[in-house]
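Novice:
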């Protein structure tokens, strides 16, 4: 996993195992454009602004992402 020192955990997605589940963090010392951090269970990370993350949340709440899980 990439270095996560100094960032604050917000949520763990799954959490039913010990396999390095995806997590959401806030990095208070990062620039505004990189404040929200998402990690996956493969050691990768995505950094984005709070506005960008807010857009994802708004789309999810509006049901725009519901089709992603249907297959």
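Residue numbers (our numbering): 1 to 71. Each residue gets a CB set at the ideal place from its N, CA and C atoms; glycine is no exception.
Go to residue 57, then tell me how far its alpha helix (DSSP H) extends in each direction, as first and last residue.
Specialist: Looking up residue 57 in the chain shown gives position 57. That run of the alpha helix (DSSP H) goes 50–61.
Novice: Please report the straight-line C-alpha distance between residue 34 and residue 9, rounded to a whole angstrom.
Specialist: The count along the chain shown starts at 1 and reaches residue 34 at position 34. The count along the chain shown starts at 1 and reaches residue 9 at position 9. Approximately 15 Å, taken between the alpha carbons.
Novice: Please report the Cβ distance between residue 21 and residue 12, rounded to the nearest whole angstrom; I am assuming they are in contact, meaning their Cβ atoms lie under 8 Å.
Specialist: In the chain shown, the residue the question calls residue 21 occupies position 21. In the chain shown, the residue the question calls residue 12 occupies position 12. Going by Cβ atoms, the distance from residue 21 to residue 12 rounds to 5 Å, so yes, they are a contact pair.
Novice: Take the Cβ of residue 42 as the centre, count every other Cβ of all protein chains shown within 10 Å, and call the residue buried at 16 or more, exposed below.
Specialist: The sequence position of residue 42 within the chain shown is 42, counting from 1. Exposed, because fewer than 16 other Cβ atoms sit within 10 Å of the Cβ of residue 42.
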